[in-house]
Amino acid sequence: MSRFISTVGNYWPGYDVVKKLIIFGDSYSSVGYDPDWPAPTSDEPLGVPFPGFTWTEGGEDMGDSTNPNWVGHLVTTRRKNNKPLLVYDYAVGGHTLSGLRKQVELWFLPTVGKKPDWAPWGADDTLFVMWIGINDCAYGSEHASNIRRLFGLQEALYESGARNFLLIDVPPIHHSPAFSYALRSDPGVGNPYDKWNDELHKGAEAFHTKHPEITLLMYSSWEIFNKVNRDPEAFGFSEEDIKKRGGAIWHDHLHPTSKMHAVIADDLDAFLKKYEGNGTSNS
1 MSRFISTVGN
11 YWPGYDVVKK
21 LIIFGDSYSS
31 VGYDPDWPAP
41 TSDEPLGVPF
51 PGFTWTEGGE
61 DMGDSTNPNW
71 VGHLVTTRRK
81 NNKPLLVYDY
91 AVGGHTLSGL
101 RKQVELWFLP
111 TVGKKPDWAP
121 WGADDTLFVM
131 WIGINDCAYG
141 SEHASNIRRL
151 FGLQEALYES
161 GARNFLLIDV
171 PPIHHSPAFS
181 YALRSDPGVG
191 NPYDKWNDEL
201 HKGAEAFHTK
211 HPEITLLMYS
221 SWEIFNKVNR
231 DPEAFGFSEE
241 DIKKRGGAIW
251 HDHLHPTSKM
261 HAVIADDLDA
271 FLKKYEGNGT
281 SNS
């Protein structure tokens, strides 16, 4: 099927000018931030001691590692370039679309969504990021209704003033250690993930058609994971790491290592920099 082509609008200042990220998602994006805690500051850009509590290697339990995920790596890169970010990260490990609704409707919209003095943000300096779906795909392969709900939440963000959106598709989880060799050999094993991404692109097209003035960027985690799988040595990994739990790519059966998150962050940083302000692109 056709893919939605990332499009920038007049509210997009260029990635280097973006000052705030507002993130919704699951364990891949979680830093352990509680929305009842104080807002992020220049000294604590995640709202928690850097790099937060992640689902990478090194923790005693799930979600308590102090190694950065892609969010922390991205913040570090921007800080090194003297272009710091503040991040409001509502992502929670294990969340599906039902949890995403809570993140948007209960945690963000009634508080930061109202642009209070203690957490100001603007349509032209803030990027809203949504990376969700891995856990939903574990429960089935018919995703049209979930994607409608996802874009219903995007609509609520739009109504609150959001104009710059970044969507991230799901990676090829069927190539992770979570799937046995027998399951990986099933030609239909990747269908739930393929179908999620197909529906996400359809929804993105419809959302942009409804709101042509917005910036809507579609980053593919599917593509970066496949690039690593095809040529792991190019990214500093080995062939045996591709499907090895506890290796350099996968911390466990499902969650990437901090090193793999760094690969994602570097690729995402390059992707975002392609899109200049005022509706122009370097691609």
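Sequential numbering of the sequence shown, starting at 1, is according to full-length UniProt numbering.
Don't be surprised by glycine CBs; every beta carbon is placed ideally from N, CA and C.
Burial state of residue i (16 or more Cβ within 10 Å)
i, result
"residue 346", "It is not possible to answer for residue 346, since the shown part of the chain is limited to 1 through 283."
"Val129", "buried"
"Tyr88", "buried"
"His261", "buried"
"Leu216", "buried"
"Tyr139", "exposed"
"Leu106", "exposed"
"Glu199", "buried"
"Thr209", "exposed"
"Ser29", "buried"
"Ala144", "exposed"
"His201", "buried"
"Gly93", "buried"
Residue i to residue j span [Cα, whole Å]
i, j, result
"His255", "Asn278", "37 angstroms"
"Ser238", "Asp169", "25 angstroms"
"Ala119", "Ser42", "12 angstroms"
"Gly25", "Tyr33", "12 angstroms"
"Ala123", "Pro13", "10 angstroms"
"Tyr158", "His211", "9 angstroms"
"Glu60", "Ile134", "23 angstroms"
"Ser6", "Glu205", "10 angstroms"
"Asp136", "Thr56", "21 angstroms"
"Ser2", "Trp37", "42 angstroms"
"Pro177", "Val31", "23 angstroms"
"Leu100", "Arg230", "32 angstroms"
"Trp131", "Asn81", "25 angstroms"
"Thr54", "Asp117", "29 angstroms"
"Ala162", "Tyr15", "15 angstroms"
"Phe4", "Ile224", "17 angstroms"
"Gly246", "Phe179", "15 angstroms"
"Ala91", "Asp186", "32 angstroms"
Cβ neighbours of residue i in the same chain (closer than 8 angstroms, five flanking residues each side left out)
i, result
"Trp222", "Asp169, Val170, Pro171, Pro172, Tyr193, Asn197"
"Thr77", "Ala265, Asp266, Asp269"
"Ala248", "Gly236, Phe237, Ser238, Asp241, Thr257, Lys259, Met260"
Same chain, Cβ closer than 6 angstroms to residue i, neighbours up to 5 away in sequence not counted
i, result
"Leu127", "Val18, Leu21, Asn164, Leu166"
"Ser220", "Asp169"
"residue 284", "The chain is shown only over 1 to 283; residue 284 falls outside these bounds and no answer can be derived."
"Pro68", "Pro51, Ser258"
"Val263", "Phe235"
"His95", "Asp26"
"Pro35", "Trp107"
"Gly203", "Ile147, Phe151"
"Gly113", "Ser160"
Contacts around residue i, its chain only, beta-carbon distance under 7 angstroms, and the 5 residues preceding and following it disregarded
i, result
"Ser283", "At Ser283, the pLDDT of 48 sits below 50, so the modelled position is not reliable; the number obtained from the coordinates is stated separately. Answer for Ser283: Lys274, listed in chain order."
"Phe271", "Tyr219"
"residue 287", "Residue 287 is absent from the model: the chain starts at 1 and stops at 283."
"Val104", "Phe24, Leu153, Ala156, Leu157"
"Pro232", "Ser238, Glu239, Asp241, Ile242"
"Leu86", "Lys19, Lys20, Pro40, Pro45"
"Thr111", "Pro35"
Identity of the residue in the options nearest residue i by Cα
i, options, result
"Ser65", "Arg79, Pro49, Lys80", "Pro49"
"Lys83", "Leu153, Pro45, Arg230", "Pro45"
"Ser27", "Val75, Arg3, Trp70", "Trp70"
"Ile23", "Glu57, Gly47, His253", "Gly47"
"Glu142", "Lys115, Phe4, Gly190, Ile242", "Gly190"
"Lys243", "Phe207, Val228, His175, His201", "His175"
"His251", "Ala91, Arg79, Gly63, Phe207", "Gly63"
For residue i, the first and last residue of its enclosing beta strand (DSSP E)
i, result
"Met62", "Careful: Met62 lies outside any beta strand (DSSP E) and carries neither H nor E."
"Ile134", "Per DSSP, Ile134 belongs to no beta strand (DSSP E); it is in the alpha helix (DSSP H), 134-137."
"Gly25", "20-25"
"Leu86", "86-89"
Span of the alpha helix (DSSP H), counted from its first residue to its last, around residue i
i, result
"Trp131", "First-last for Trp131: 126-131, but that is the beta strand (DSSP E), not the alpha helix (DSSP H)."
"Phe165", "Element bounds for Phe165: not the alpha helix (DSSP H) but the beta strand (DSSP E), 164-168."
"Val48", "Careful: Val48 lies outside any alpha helix (DSSP H) and carries neither H nor E."
"Phe4", "Note, Phe4: premise wrong, no alpha helix (DSSP H); not H, not E."
"Tyr219", "Run containing Tyr219: none in the alpha helix (DSSP H); it sits in the beta strand (DSSP E), 215-219."
"Leu268", "258-273"
"Val75", "70-80"
"Asp198", "191-210"
"Phe151", "144-160"
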